[in-house]
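Asker: For what it's worth, UniProt numbering labels the leading residue of the sequence shown as 1, then goes sequentially.
We put the CB at the ideal spot given by N, CA and C, even for glycine.
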Amino acid sequence: MRTEIPRIGIPYPSDISPDAEACRAHTLRWLSRRGLVVGPEALRTYDESRFDRLSARMCPNSRGAGLDLVSDWMGWLFVFDDQFDGPMGLDLDATRALLDEVLSVIQSTAPQRYPSSRLGAALVELWGRTTSGASASWKARFTQDLAGYFEAYYQEARERTQGWPVDIESYLRTRRLSIGVLLSLDLCERSEGLDVPPAVHGTEDMTTLRSLCTDVVVMVNDLYSAPKEAASGQMHNMVLLQMHHEGCAQAAAMDRVAGEIAKRVETFAAVERRIRQGVQSIETWSVIDRDIAAIKNLMQGTTDWTLETARYSQTAQGARVRVTG
1 MRTEIPRIGI PYPSDISPDA EACRAHTLRW LSRRGLVVGP EALRTYDESR
51 FDRLSARMCP NSRGAGLDLV SDWMGWLFVF DDQFDGPMGL DLDATRALLD
101 EVLSVIQSTA PQRYPSSRLG AALVELWGRT TSGASASWKA RFTQDLAGYF
151 EAYYQEARER TQGWPVDIES YLRTRRLSIG VLLSLDLCER SEGLDVPPAV
201 HGTEDMTTLR SLCTDVVVMV NDLYSAPKEA ASGQMHNMVL LQMHHEGCAQ
251 AAAMDRVAGE IAKRVETFAA VERRIRQGVQ SIETWSVIDR DIAAIKNLMQ
301 GTTDWTLETA RYSQTAQGAR VRVTG
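1. Taking 8 angstroms as the threshold (C-beta atoms), are TRP76 and VAL122 in contact?
2. What is the rounded straight-line gap between the Cα of THR55 and the Cα of TYR312?
3. Spell out a yes or no on whether the region 187 to 201 and the region 263 to 279 are touching, meaning 3 or more CB-CB pairs, one atom from each, closer than 8 angstroms.
4. Grouping DSSP H, G and I as helix and E and B as strand, with all else coil, what is GLY75?
5. So, at 6 angstroms on beta carbons, what are the nonlocal neighbours of THR302 in its own chain, with the 5 sequence-adjacent residues on each side left out?
6. If you draw a straight line from the alpha carbon of ILE295 to that of GLY148, how long is it in whole angstroms?
7. Spatial neighbours of PHE142 within its chain, please: C-beta separation below 7 angstroms, excluding the five flanking residues on both sides.
8. Decide if VAL196 is buried, meaning its Cβ has at least 16 other Cβ atoms within 10 Å, or exposed.
9. Report all residues from its chain with a CB closer than 7 angstroms to the CB of ALA152; omit the five preceding and five following residues, and keep chain order.
10. What residue does the alpha helix (DSSP H) around ILE295 start on, and which one ends it?
11. Excluding the 5 residues preceding and the 5 following VAL124 in the sequence, name in chain order all residues of the same chain whose CB lies nearer than 6 angstroms to its CB.
12. Does any residue of chain B have a CB that is nearer than 8 angstroms to the CB of ILE168?
13. Which same chain residues, not among the five before or five after VAL321, have their C-beta less than 8 angstroms away from its C-beta?
14. Which whole-angstrom value is the C-beta distance of ALA157 and GLY64, which I expect to be below 8 angstroms?
15. Using a Cβ-Cβ cutoff of less than 6 angstroms, which residues in the same chain neighbour ASP222 once the five nearest sequence positions on both sides are dropped?
16. If we ignore side chains and look at the alpha-carbon of each, how far apart do HIS201 and ARG57 end up?
17. List the endpoints of the continuous alpha helix (DSSP H) containing GLY89.
18. Secondary structure at VAL216, three-state DSSP: helix, strand or coil?
19. Give me the Cβ distance between ASP52 and ASN297, rounded to the nearest whole Å; I'm assuming they're in contact under 8 angstroms.
20. Restricting to Cα atoms, I'd like to know which of VAL70, ALA94, GLU159 and GLY163 is closest to THR131.
21. For ALA231, which of helix, strand or coil comes out of DSSP?
22. Roughly how many whole angstroms lie between the Cα atoms of ILE292 and PRO87?
23. Shortest alpha-carbon distance to ASP19 belongs to which of SER211, LEU67 and GLU272?
24. Do the CB positions of PHE150 and LEU119 come within less than 8 angstroms of each other?
25. Excluding sequence positions up to five away, which residues of its chain have a Cβ less than 7 angstroms from the Cβ of THR267?
26. Quick check on the DSSP output: the alpha helix (DSSP H) that includes ILE168 runs from which residue to which?
27. Assign GLY259 to one of two classes, buried (16 or more other C-beta atoms within 10 Å of its C-beta) or exposed (fewer than that).
28. State the Cα-Cα distance for the pair VAL166 and GLU159, rounded to the nearest angstrom.
29. Note down, in chain order, each residue of its chain lying with its Cβ closer than 6 angstroms to the Cβ of PRO6, except the 5 sequence neighbours on either side.
30. Could you pull out every residue in the same chain whose Cβ sits closer than 6 angstroms to the Cβ of LEU241, ignoring the five residues on either side in sequence?
31. Go ahead and pull the three-state DSSP assignment for THR203.
32. Under the rule that 16 or more other beta-carbon atoms within 10 Å means buried, what is TRP285, buried or exposed?
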């Protein structure tokens with residue numbers, strides 16, 4: 001497949017937390033201690049993906065323990081994601097069992113039997129650290145976004161067993177959840193000491209901004225991961241679906257996806273202008289300004305990380321982590 005990627009114009013400043021290296025060391029120790037990534041070779045291949053820099057780019061204003069928390073979540077989420085690239089991704093019963101276990105950690109208010117898997121046990125710790133001291137509204141939102149993320153994996157597993165998704169919109173409907181943008185925005189908010197009121201977070205225009213950001217992250221990811229996913233026979237990729245359903249060449253499919261990204265960036269700017277024009281108080285302006293900045297940071301930060309990570313290199317076949325037990 002063609003390795004040239006169309007130029008992606010995300011027009012926001014690139015930034016990174018100065019604590020990136022510190023959170024890198026912290027998360028490598030945490031993953032090793034929790035038994036999620038074990039041994040020098042596994043840690044090296046994990047580290048090549050530089051999820052610490054993803055965290056520090058998404059949340060450039062986070063410091064110390066706040067950034068460590070985001071970095072640990074990114075480590076956990078990507079290890080979780082990697083489980084479905086192998087046989088489990090085609091085993092609906094095994095997928096359902098793992099999803100039920102992690103969902104039980106975040107959805108039940110009653111004391112839970114300690115999870116049997118390493119992923120589940122690590123999630124118990126993460127969940128406690130994340131929700132301690134959080135507002136009820138933030139915790140409810142994060143729980144909903146994380147549950148939606150988990151459930152999307154079952155739908156993707158069903159599609160793997162059935163063949164190609166019916167159409168691109170069906171693919172996007174599930175991928176918008178499994179990409180994890182909404183829960184990542186929640187985590188950045190928490191790590192930076194923000195707590196966006198439901199009256200602001202839940203408005204139609206702010207919801208639209210998050211949806212546009214989600215689509216941009218999905219499509220940028222799909223552009224850069226298409227060659228590797230095609231080589232491994234995967235199908236959950238917008239470029240590959242364009243080629244399959246439209247009968248077009250890879251170059252044309254990539255150009256179409258790049259065009260969709262440009263449309264969403266343009267729409268984002270228009271919606272942002274409309275939001276700002278409607279603000280009527282300094283207090284509301286401050287909250288909205290910081291919330292919009294956080295969405296832009298995530299959109300730009302994930303794009304910058306995609307350009308520097310080894311995760312989507314076709315030669316980085318070892319950069320997938322399996323967990324047993």
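Answerer: The short version:
1. By 1-based counting over the sequence shown, the position of residue 122 is 122. By 1-based counting over the sequence shown, the position of residue 76 is 76. Sequence check: residue 122 is Ala here, not Val. Contact flag set, yes.
2. For the purposes of this step, residue 55 is identified with residue 55 of the sequence shown, where counting begins at 1. For the purposes of this step, residue 312 is identified with residue 312 of the sequence shown, where counting begins at 1. The displayed chain sequence assigns Ser, not Thr, to residue 55. If you draw a straight line from the Cα of SER55 to the Cα of TYR312, it comes to about 17 angstroms.
3. no
4. As a first step, residue 75 is located in the sequence shown; it is residue number 75 there, counting from the start. In the structure shown, GLY75 adopts helical secondary structure according to DSSP, grouped into three states.
5. For the purposes of this step, residue 302 is identified with residue 302 of the sequence shown, where counting begins at 1. Taken in chain order, the residues that qualify are VAL217.
6. As a working mapping, residue 295 is identified with position 295 in the sequence shown. As a working mapping, residue 148 is identified with position 148 in the sequence shown. A direct Cα-to-Cα measurement between ILE295 and GLY148 gives close to 19 angstroms.
7. In the sequence shown, counting from the first residue as 1, residue 142 sits at position 142. Cβ neighbours of PHE142 beyond the five flanking positions: LEU183 and ASP186.
8. The residue labelled residue 196 in the question sits at position 196 within the sequence shown. With 16 or more Cβ atoms within 10 Å of its Cβ, VAL196 is classed as buried.
9. The count along the sequence shown starts at 1 and reaches residue 152 at position 152. For ALA152, where only same-chain residues beyond five positions count, the Cβ hits under 7 angstroms are THR174, LEU177 and SER178.
10. As a first step, residue 295 must be located in the sequence shown, where it is residue number 295. First-last of the alpha helix (DSSP H) with ILE295: 282 to 308.
11. Residue mapping note: residue 124 aligns to position 124 of the sequence shown, counting from 1. Closer than 6 angstroms at Cβ, skipping near neighbours: VAL105.
12. The chain labelled as chain B is not found in the depicted structure, where only one protein chain is given.
13. If you number the sequence shown from 1, residue 321 lands on position 321. Because VAL321 carries a pLDDT of 45, less than 50, the predicted location of this residue cannot be relied on, and the following value inherits that uncertainty. Excluding residues within five positions, the ones whose Cβ falls inside 8 angstroms are LEU36, VAL37, ALA42, THR45, TYR46, PHE78, VAL79 and ASP82.
14. Translated into the one-based positions of the sequence shown, residue 157 becomes position 157. Translated into the one-based positions of the sequence shown, residue 64 becomes position 64. About 37 angstroms separates the two Cβ atoms, so there is no contact after all.
15. Numbered from 1 along the sequence shown, position 222 holds the residue referred to as residue 222. Around ASP222: ASN237, MET238 and VAL239.
16. Along the sequence shown, read from residue 1 onward, the residue named residue 201 stands at position 201. Along the sequence shown, read from residue 1 onward, the residue named residue 57 stands at position 57. HIS201 and ARG57: Cα-Cα distance of roughly 22 angstroms.
17. Mapped onto the sequence shown, residue 89 falls at position 89. Element bounds for GLY89: n/a, residue is neither H nor E.
18. Mapped onto the sequence shown, residue 216 falls at position 216. Here VAL216 carries a helix assignment [DSSP, helix/strand/coil].
19. Position 52 of the sequence shown, counted from the first residue, corresponds to residue 52. Position 297 of the sequence shown, counted from the first residue, corresponds to residue 297. Contact doesn't hold; Cβ gap of about 16 angstroms is too wide.
20. Looking up residue 131 in the sequence shown gives position 131. Considering only alpha carbons, the answer is VAL70.
21. On the sequence shown, position 231 is the one that residue 231 refers to. Note: ALA231 maps to helix in three-state DSSP.
22. In the sequence shown, counting from the first residue as 1, residue 292 sits at position 292. In the sequence shown, counting from the first residue as 1, residue 87 sits at position 87. Near 40 angstroms, if we compare the C-alpha coordinates of PRO87 and ILE292.
23. Within the sequence shown, residue 19 is the residue found at index 19, counting from 1. Checking every option, the nearest Cα to that of ASP19 belongs to LEU67.
24. Reading the sequence shown from its first residue, position 150 is the one you call residue 150. Reading the sequence shown from its first residue, position 119 is the one you call residue 119. No, they are not a contact pair.
25. If you number the sequence shown from 1, residue 267 lands on position 267. So the qualifying residues of the chain are LEU212.
26. Here residue 168 corresponds to residue number 168 of the sequence shown, with the count starting at 1. It spans 168 to 178 - the alpha helix (DSSP H) in which ILE168 sits, taken as one unbroken run.
27. Start at 1 with the first residue of the sequence shown, and residue 259 comes out as number 259. It is exposed - the Cβ of GLY259 has fewer than 16 other Cβ atoms within 10 Å.
28. On the sequence shown, residue 166 is found 166 positions in, with the first residue counted as 1. On the sequence shown, residue 159 is found 159 positions in, with the first residue counted as 1. Spanning the two alpha carbons is a distance of roughly 9 angstroms.
29. Here residue 6 refers to the residue found at position 6 of the sequence shown. Excluding positions up to five away in sequence, the list reads MET254, ASP255 and ALA258.
30. Residue mapping note: residue 241 aligns to position 241 of the sequence shown, counting from 1. The answer, listed in chain order, is ILE168 and TYR171.
31. Locating residue 203 in the sequence shown gives position 203, counting from the first residue. Three-state DSSP puts THR203 in coil, outside helix and strand.
32. Looking up residue 285 in the sequence shown gives position 285. Under this definition TRP285 is an exposed residue.
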